[in-house]
Amino acid sequence: MTDLTRMEAELSARVAAAADLAALEAIRVEALGKTGSISELLKTLGKLTPEERREQGPKINGLRDAVQAAIAARKDALETAALDAKLAAERVDLSLPPPPERRGRVHPTMQVLDEMIAVFADMGFSLAEGPDIEDDFHNFTALNFPPKHPAREMHDTFWLPEDERGERKVLRTHTSPVQIRTMQRLNEKLPSWIANGQEPPIRVIVPGRTYRSDSDATHTPMFHQLEGLVIDRDIHMGHLKWTLDQFIARYFETPMVESRFRPHHFPFTEPSAEMDVKCDRSGGDVKIGQGNDWMEIVGCGMVHPNVLRNCGLDPDQWQGFAFGFGVDRLGMLKYGMPDLRDMFAGDTRWLDHYGFSAFQAPNPATGLS
Ligand code: PHE
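Residue numbers for the sequence shown follow the numbering used here, beginning at 2 and rising by one.
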């Protein structure tokens, strides 16, 4: 065996045995580096006679090529092995449970609003909305409030400072101004999509925030109402009672609940009533649909002829009814929150307890989630 053949065999064996990239690099420097064994051999070629060089040249170059190829092959193998090891070590186990994370909760008021909207949507009502900052006309005057009505006074109403026209806007004290806005839109010759798709007959519900200067266990300065308005020909209180009874049964997920109209007064309805439903107060909390007590649930009545006239509708042609629910209160009755003020205190412990999952499946019995 010539020296060159022995050198190639020895280097190839060491290359094949190199345990990692660092060991391989050391062998490369030793053989092919500036002063490496093969590099030194290549340098000797210059000192040989042409005949010797013709003989030795291809052999030494062949040795260099063979060792270079062996190193490249080993490097490839080592890198592939390193990648395989890394992939094996870093494999994700998809069967592991996810790490715990804080989930947001749906606020009960928003849950209750969704439930209420779902029930009324099934009865053919569509949604209407109006501004939280209202003018005196929509919040009071057009709704037939007499000029000196106590509800306009400071103790109930949040008045905004006078604007440049000397007008004082209010934070709307109820959602009823959207009755006016909805009926007025009928007279504006607007495309139907701007008018909320409303042409007579009107059948809208109006969910929204309302404001009154009041605070105790059952009153907060901001609360939510859901207004209803139906305008058509030949509408009477029977329609109103049927609509509310249907709603109560579906919302509280009970069979039909006994209800009664108690005479009341609102400037914008005539006659006006509060509807009470049968409930049971004996167990500490209120159970709707059982027992022999009455619980006030909603204010309502037939839309006052003056209100229709204020909106350009002829009361001899059109009649209607309206109602206004306290949404937060309805939530307290269904889900048992004891104090209205907690609803808006922003305590996440309260929300964890009373809040709802955003991913709740719809209840097959009611279609509600
Ligand atoms: N707007 C009334 C209130 O806030 C409720 C209501 C609405 C009454 C519609 C009758 C008709 O008390």
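All C-beta atoms, glycine included, are put in the ideal place defined by N, C-alpha and C.
Rounded to whole angstroms, the gap between the alpha carbons of Leu43 and Glu80 is 30 Å.
In the three-state scheme derived from DSSP, where H, G and I count as helix and E and B as strand, His354 is classed as helix. If you check the C-beta of Gly131 against the ligand PHE, you find no heavy atom less than 6 Å away. In its chain, beyond the 5 residues on either side, Asp294 have a beta carbon closer than 6 Å to the beta carbon of Arg282. Per DSSP, Arg169 lies in no alpha helix (DSSP H) segment and is marked neither H nor E.
Distance check between Lys60 and each of Glu102, Ala14, Thr3 and His108 places Thr3 closest, using alpha-carbon atoms only.
Residues of the same chain with a CB within less than 8 Å of the CB of Pro162, apart from the 5 flanking positions on each side, are Arg169 in chain order. Excluding sequence positions up to five before and after Val258, its CB lies within less than 8 Å of the CB of Asp246, Ile249, Ala250, Val278, Lys279, Ile289 and Gly290, all in the same chain and listed in chain order. The C-beta distance from Gly302 to Ser260 rounds to 15 Å, too long to fall under 8 Å, and the pair is not in contact.
Taking a contact as a CB-CB distance under 8 Å, the pair Thr174 and Ala152 counts as one, their CB atoms being some 7 Å apart. In this structure, DSSP gives Glu271 an extended state, which the three-state scheme calls strand. Between the region 339-349 and the region 87-98 there are fewer than three inter-stretch CB-CB distances shorter than 8 Å, so the stretches are not counted as touching. Membership of Trp243 in the alpha helix (DSSP H) is indicated by the continuous run Met238 to Tyr252. Counted as a single uninterrupted DSSP element, the beta strand (DSSP E) harbouring Arg204 occupies residues Ile203 to Tyr212. A straight line joining the alpha-carbon of Glu154 with that of Asp340 spans about 27 Å. Cβ neighbours of Gln226 within its own chain (closer than 7 Å, five residues either side excluded): His175, Thr176, Gly209, Thr211, Gly325, Phe326, Gly327 and Val328. Taking 7 Å as the cut-off, the beta carbon of Gln112 is found no closer than this to the beta carbon of Phe360. Taking one beta carbon from each stretch, the region 9-26 and the region 76-90 have 3 or more pairs nearer than 8 Å; the two touch.
Excluding the 5 residues flanking it on each side, Gly58 has same chain C-beta neighbours closer than 8 Å at Leu46, in chain order. Around the beta-carbon of Gln318, fewer than 16 other beta-carbon atoms lie within 10 Å, marking it exposed.
Within the chosen limit of 6 Å, the ligand PHE reaches the beta carbon of His175 through at least one heavy atom. For Val68, the CB contacts under 6 Å within the same chain, skipping 5 residues up- and downstream, are Leu12 and Ala32 in chain order. Distances from the CB of Cys312 to the heavy atoms of the ligand PHE are all 6 Å or more. It is roughly 48 Å from the alpha-carbon of Asp85 to the alpha-carbon of Glu53. A direct Cα-to-Cα measurement between Ile203 and Met184 gives close to 8 Å. For Leu352 and Phe253, the gap between their C-alpha atoms comes out near 21 Å. The C-beta distance from Thr110 to Gly300 rounds to 19 Å, too long to meet the 8 Å contact threshold. In this structure, DSSP gives Arg261 an extended state, which the three-state scheme calls strand.
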